[in-house]
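Okay, so here's the structure we're looking at.
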Amino acid sequence: MATPMQAEPTLSFNLARDVGEVLEYHFMVNALIAGSLVAVMAGLLGWFMVLRSETFAGHTLAMMALPGATGAALIGVPASWGYFAFCGAGALAIGRSTGGQRRGLGEQSASIGAVQAFALALGFLFLSLYHGVLGDLENLLFGTFLGISNGQVLTLAAVAAGALLALLVLGRRLLLVSVDPDLAAARGVPARALSIAFLLLLGLAVAATCQITGVLLVFALLVAPPAAAQAVAVRPAVSLALTLAIGLLTVWVGLGVSYFSVYPAGFFITMISFAIYVLARLLARARGKSRPGTELELERSEAGSGRVGGVID
Amino acid sequence: MLGQAFMRNALLAGTFVALACGVSGWFVVLRGQVFAGDALSHVAFPGALAAAAAGIDERIGLLATTVLVGIAIGLLGLRSGSGGGVPGVGGSPAQDTAIGTVFTFVLGLGVFFLTLFSLSTGGGAGVQAARTLFGSIFGLGAGEARLAALVAILATGATLALARPLLFISLAPEVAIAKGVPARLLSVGFVALLGVVAAGATVAIGALLLLGLLTGPAAAAHRLTGSPFPGIALAAALAVGSMWGGLLIAYLVPSLPPGSAIVMLAVGCYAAAAAADARRPRRARSGEAPRDPAAANAGAGATRIDR
Numbered sequence: 026m027a028t029p030m031q032a033e034p035t036l037s038f039n040l041a042r043d044v045g046e047v048l049e050y051h052f053m054v055n056a057l058i059a060g061s062l063v064a065v066m067a068g069l070l071g072w073f074m075v076l077r078s079e080t081f082a083g084h085t086l087a088m089m090a091l092p093g094a095t096g097a098a099l100i101g102v103p104a105s106w107g108y109f110a111f112c113g114a115g116a117l118a119i120g121r122s123t124g125g126q127r128r129g130l131g132e133q134s135a136s137i138g139a140v141q142a143f144a145l146a147l148g149f150l151f152l153s154l155y156h157g158v159l160g161d162l163e164n165l166l167f168g169t170f171l172g173i174s175n176g177q178v179l180t181l182a183a184v185a186a187g188a189l190l191a192l193l194v195l196g197r198r199l200l201l202v203s204v205d206p207d208l209a210a211a212r213g214v215p216a217r218a219l220s221i222a223f224l225l226l227l228g229l230a231v232a233a234t235c236q237i238t239g240v241l242l243v244f245a246l247l248v249a250p251p252a253a254a255q256a257v258a259v260r261p262a263v264s265l266a267l268t269l270a271i272g273l274l275t276v277w278v279g280l281g282v283s284y285f286s287v288y289p290a291g292f293f294i295t296m297i298s299f300a301i302y303v304l305a306r307l308l309a310r311a312r313g314k315s316r317p318g319t320e321l322e323l324e325r326s327e328a329g330s331g332r333v334g335g336v337i338d
Numbered sequence: 024m025l026g027q028a029f030m031r032n033a034l035l036a037g038t039f040v041a042l043a044c045g046v047s048g049w050f051v052v053l054r055g056q057v058f059a060g061d062a063l064s065h066v067a068f069p070g071a072l073a074a075a076a077a078g079i080d081e082r083i084g085l086l087a088t089t090v091l092v093g094i095a096i097g098l099l100g101l102r103s104g105s106g107g108g109v110p111g112v113g114g115s116p117a118q119d120t121a122i123g124t125v126f127t128f129v130l131g132l133g134v135f136f137l138t139l140f141s142l143s144t145g146g147g148a149g150v151q152a153a154r155t156l157f158g159s160i161f162g163l164g165a166g167e168a169r170l171a172a173l174v175a176i177l178a179t180g181a182t183l184a185l186a187r188p189l190l191f192i193s194l195a196p197e198v199a200i201a202k203g204v205p206a207r208l209l210s211v212g213f214v215a216l217l218g219v220v221a222a223g224a225t226v227a228i229g230a231l232l233l234l235g236l237l238t239g240p241a242a243a244a245h246r247l248t249g250s251p252f253p254g255i256a257l258a259a260a261l262a263v264g265s266m267w268g269g270l271l272i273a274y275l276v277p278s279l280p281p282g283s284a285i286v287m288l289a290v291g292c293y294a295a296a297a298a299a300d301a302r303r304p305r306r307a308r309s310g311e312a313p314r315d316p317a318a319a320n321a322g323a324g325a326t327r328i329d330r
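Dropping the structure here:
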């Protein structure tokens, strides 16, 4: 079997030829499919995460990779199992510690921080108890797109399909709870259960995104595209579609460029998504919407006037 | 135990770093800026790597990055501050998103420098440098310990010197601005100061464990008392207590890393305080006013500080 990197990849500046060269390799095709699945899932869940301003919770879920991977290595199971287990436990802990009573913002972020600190402390404990090579952990931290197997692509597709299905069922109620909690409460929407369900879904998306970008750079796909879309578009459907477009574009260009370069895909994906975010913020300001809070409030008033509520009926 | 040089160094650096984390952590929790503190501890890594790639002292790169990103976060917070552009109350939704995006950008640069570094030195050395840099608190040399203690003392002093106006702009931003307190400067200055604390703590206790010391004791203190200065003192005491307890446990149980022991104690403080708080009757619970800045705007907070 020919090794993928046998021929030195060279850029001919002929787009069709370069894209053709990239697509010749099975591992690149797999990477592109996996990347697209991840971009869609991260975009959809990230959109709700940005709307609900739960970015810190998302970051904390990403950090569950450390105790997850090291704990799994310690008891000898695949790293992804440990990761999903800790993501689930983390989502429940965050939901429990923040959902109880309506405490101040400070207390809320403090309890998420406490969950993260505890998980990291556990991770370091596992790491010091384990005396082997943690190849899986390196991949989780920095991400890899080389050598994604057909099985992994199938797993990702199944996870993405599951998350998509769950969002189809919960999406509208989740939107209502996020933009107008009072109206949602009046209609008997179970806010607490929804918020925990959302955190669990978010954990799933974060765990999947990590495989491409690495733990530290998940926000490149999870936060930047939705934040950019929400800065320029007000209607939920438009900004969701924009999120998906930005996410897919970022992944495709990032993977393509990194094929021709020695630098990792995570770097290019981060830089592209950050550039798009900055452009969107500048565009929003040029259109006289310099305060990012405005978009959310616009949506709130929309929900209040029954537009979102009407959709839910 | 104190006969060991590494233990004396750990105690010297640890005590003062914990003190700085406890004091500034109280304000961090009050202002809802835990995420900012967390982000600052993460960007220390790319900063150190960039300095290593450029061939200058890692600690300078680290400090410069945390302070610069701190200023950037502070400025972004001003622009998107909640309450009609009133600075002071952090943690607004848009700020949350901006912090997430900015620190991912900086971490992306870190991956770039990591690759650059390992390419130029033949692989692995960059990772090695980062590992040494974020090593265990038990591995501190005497000079490093003294430097960390000095930075921490300065940061604690600066935070305490700013305590009153900072409290004022955190609890009653409108009143503070009306009275001519430079709220914008203070908000940005505080996050920059947090950058200094993060830099000092990162070298001493590791980037990923700073969060526990910043959050746990301070959140516990907020649960236990609503009055500011006893709260700050309690947060500092709990942080230093967690540090001493963690060092002692790690010394007695060699398989337990000191960072894990310290953070578990610090988070344990918060869990215990939350449990104690939940057991108390609702009316007797303290600290409702300072915990909710909007409620404190009514003036109760302001009169208490002005006293």
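Taken in sequence, the protein lines are chains A and B.
Under this note's numbering, the very last position in the first sequence is 338; numbers go up by exactly one each time.
Under this note's numbering, the very last position in the second sequence is 330; numbers go up by exactly one each time.
We treat Cβ as the ideally placed atom computed from N, Cα and C, and that holds for glycine.
Residue i in three-state terms, based on DSSP
i, result
"M89(A)", "coil"
"E79(A)", "coil"
"F285(A)", "coil"
"A84(A)", "A quick correction: the sequence has His, not Ala, at residue 84(A). The answer is helix: DSSP assigns H84(A) an H, G or I state."
"L246(A)", "helix"
"I94(B)", "helix"
"T7(A)", "Lying outside 26 to 338, the shown extent of chain A, residue 7(A) is not represented and no answer is given."
"Q56(B)", "coil"
"D61(B)", "helix"
"G187(A)", "helix"
"G203(B)", "coil"
"S21(B)", "For chain B, the structure presents residues 24 to 330; residue 21(B) sits outside this window and is missing."
"R260(A)", "coil"
"P69(B)", "helix"
"R187(B)", "helix"
"A28(B)", "helix"
Neighbouring residues, chain B, relative to residue i (Cβ below 8 Å)
i, result
"T80(A)", "F58, D119, T120, I122, G123"
"H84(A)", "F58, D61, G123"
"Y302(A)", "T124"
"A245(A)", "T127, G131"
"A309(A)", "What A309(A) touches in chain B: nothing, since even the nearest Cβ is about 11 Å away."
"V248(A)", "T120, G123, T124, T127"
Contacts of residue i in chain A (Cβ-Cβ under 8 Å)
i, result
"V134(B)", "F167, G239, L241, L242, Y288, P289, G291, F292, T295"
"T138(B)", "V287, Y288, P289, F292"
"S10(B)", "As displayed, chain B neither begins before 24 nor continues past 330, which places residue 10(B) out of reach and without an answer."
"S283(B)", "A146, L147, F149, L150, S153"
"V92(B)", "Under the 8 Å cutoff, chain A gives no residues; its nearest Cβ is about 14 Å from V92(B)."
"L216(B)", "In chain order: nothing, as chain A lies at least about 18 Å away."
Beta-carbon proximity list for residue i, same chain, < 8 Å, skipping 5 on both sides
i, result
"V54(A)", "L48"
"A33(B)", "I160, F161, L163, A168, L270, P281"
"I122(B)", "F58, A59, A62, I96, L99"
"L219(A)", "L195, R198, L199, V202"
Closer than 7 Å at the beta carbon, the chain B residues around residue i
i, result
"G115(A)", "In chain order: nothing, as chain B lies at least about 13 Å away."
"A139(A)", "T238, G239, A242, V290, Y293"
"V231(A)", "Within chain B, no residue comes near V231(A); the closest Cβ sits about 12 Å away, beyond 7 Å."
"V75(A)", "T120"
"A254(A)", "Under the 7 Å cutoff, chain B gives no residues; its nearest Cβ is about 12 Å from A254(A)."
Burial state of residue i (16 or more Cβ within 10 Å)
i, result
"F252(B)", "exposed"
"R302(B)", "exposed"
"R77(A)", "buried"
"G125(A)", "Model confidence at G125(A) stands at a pLDDT of 48, short of 50, so the residue's coordinates are unreliable; what they give is reported in the following sentence. Classification of G125(A): exposed, given that the 10 Å Cβ count is below 16."
"H84(A)", "buried"
"D80(B)", "exposed"
"L179(A)", "exposed"
"S134(A)", "buried"
Beta-carbon neighbours of residue i, restricted to chain B and to distances below 9 Å
i, result
"E49(A)", "The premise fails here: E49(A) is roughly 25 Å from chain B at the closest Cβ pair, so nothing lies under 9 Å."
"F299(A)", "T124, V125, T127, F128, G131"
Sequence-distant residues of the same chain with beta carbon closer than 7 Å to residue i, five excluded per side
i, result
"L150(A)", "none"
"G107(A)", "G93, A94, G96, A97"
"L86(A)", "C112, G115, A116, L227, G228, V231"
"F223(A)", "F73, L199"
"Y302(A)", "A249, A252, A253"
"G218(B)", "L63, T89, V90, V92, G93"
Within chain A, partners of residue i - CB distance below 9 Å
i, result
"G235(B)", "G138, A139, Q141, A142, F143, L145, A146"
beta-carbon residue i near the ligand NAD non-hydrogen atom, thresh 8 Å
i, result
"A184(B)", "By its list of ligands, the structure shown contains no ligand whatsoever, and the ligand NAD lies outside what it can speak to."
Residues near residue i in its chain [Cβ-Cβ closer than 6 Å; skip 5 each side]
i, result
"S286(A)", "none"
"L190(A)", "none"
> Which ranges does the alpha helix (DSSP H) cover as unbroken runs of at least 4 residues, wholly within the region 199 to 244 of chain A, from first to last along the chain?
Replying inline: 206 to 211, 216 to 238
>> Which runs of the alpha helix (DSSP H) at least 4 residues long sit entirely within the region 243 to 281 of chain B? Give them in chain order.
In response: 251 to 275
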